Amino acid sequence: MSDPTVVMETTKGTIKIQVFAGQAPVTAGNFLDLVGRGFYNGLSFHRYEPGFVIQGGCPKGTGTGGFIDPATGTERRIPLEVKPELKHDAAGKVAMARANDPNSASSQFYITLGPASFLNMQYAIFGKVTEGLDVVKELRANDRMTTVSILEPASK
3 MSDPTVVMET TKGTIKIQVF AGQAPVTAGN FLDLVGRGFY NGLSFHRYEP
53 GFVIQGGCPK GTGTGGFIDP ATGTERRIPL EVKPELKHDA AGKVAMARAN
103 DPNSASSQFY ITLGPASFLN MQYAIFGKVT EGLDVVKELR ANDRMTTVSI
153 LEPASK
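If you're matching positions, the sequence shown starts at 3 in my numbering and goes up one per residue.
Written out as structure tokens, the structure is:
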């Protein structure tokens with residue numbers, strides 16, 4: 003399976019993300035499903051930590067919400083999916099945010115602004131920025147994702 007590319011149009015410019023569908027199938031599948039549903043369109047980045055991360059994907063805009071599955075009426079949560087080779091070793095790594103419970107990731111994600119090795123094997127990396135890292139570094143809290151779409155669908 004090839005890794006699809008997600009195009010994230012933001013209020014600061016365009017970001018392209020390679021999604022690791024082969025290396026992180028559960029986490030990547032969750033993200034791609036949400037992108038396909040248009041879930042991220044219009045959502046904000048609610049957290050900016052200089053030199054560390056920019057975080058978004060909370061439907062409440064506060065960092066306290068996740069994706070409510072219309073089929074069940076409950077928040078979708080996915081299991082922690084980590085691999086030793088997927089490291090927080092540079093700016094531009096894309097990973098799922100979560101609460102204290104390792105299996106609590108839903109829709110929120112972050113993009114690293116620098117190395118953060120202390121997160122390795124604790125948070126699920128599912129992609130990396132391939133274009134627009136300069137845009138990522140300009141994002142701040144309250145900037146928005148205007149549209150998020152899949153550029154290249156994964157081949158079966």
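Don't be surprised by glycine CBs; every beta carbon is placed ideally from N, CA and C. None of the values given here were measured: they were computed from a predicted structure.
Compare the beta carbon distance of residue i and residue j with 7 Å and say whether it is the shorter of the two.
| i | j | result |
| --- | --- | --- |
| M147 | M10 | yes |
| D5 | A23 | yes |
| I80 | A107 | yes |
| G58 | F41 | no |
| I56 | K95 | no |
| T29 | E83 | yes |
| K14 | L115 | no |
| T12 | L153 | no |
| I113 | V137 | no |
| C60 | G53 | no |
Quick one: what's residue i bridged to in DSSP?
| i | result |
| --- | --- |
| G58 | F47 and F111 |
| M159 | Residue numbering for the chain in the displayed model covers 3 to 158; residue 159 lies beyond these limits and cannot be assessed. |
| V84 | Looking at the DSSP assignment, V84 forms no beta bridge with any residue, so it has no partner. |
| K130 | Q20 and K95 |
| T149 | E11 |
Hey, quick one: how far does the alpha helix (DSSP H) through residue i stretch, first residue to last?
| i | result |
| --- | --- |
| K139 | L135 to E140 |
Enumerate in chain order the residues of its own chain whose CB-to-CB distance from residue i is below 6 Å, with the five nearest sequence positions on each side excluded.
| i | result |
| --- | --- |
| T132 | K18 and Q20 |
| G129 | I19, Q20, V21, F22 and V96 |
| L121 | H90 |
| N32 | I80 |
| Y125 | A97 |
Whose C-beta lies closer than 7 Å to the C-beta of residue i among residues of the same chain, with five residues either side of it excluded?
| i | result |
| --- | --- |
| L36 | Y42, F69 and S109 |
| D91 | P117 and S119 |
| G38 | I152 |
| A143 | F47, H48, R49 and Y50 |
Over the uninterrupted beta strand (DSSP E) stretch that includes residue i, give me the two end residues.
| i | result |
| --- | --- |
| G38 | Note, G38: premise wrong, no beta strand (DSSP E); alpha helix (DSSP H) at P27 to R39. |
| G15 | G15 to V21 |
| T76 | Looking at the DSSP string, T76 is not in any beta strand (DSSP E), and its letter there is neither H nor E. |
| E11 | T7 to T12 |
Excluding the 5 residues flanking residue i on each side, which residues of the same chain have their C-beta closer than 8 Å to its C-beta?
| i | result |
| --- | --- |
| G63 | L45, S46 and H48 |
| N105 | R79, I80, P81 and L82 |
| T76 | I70 |
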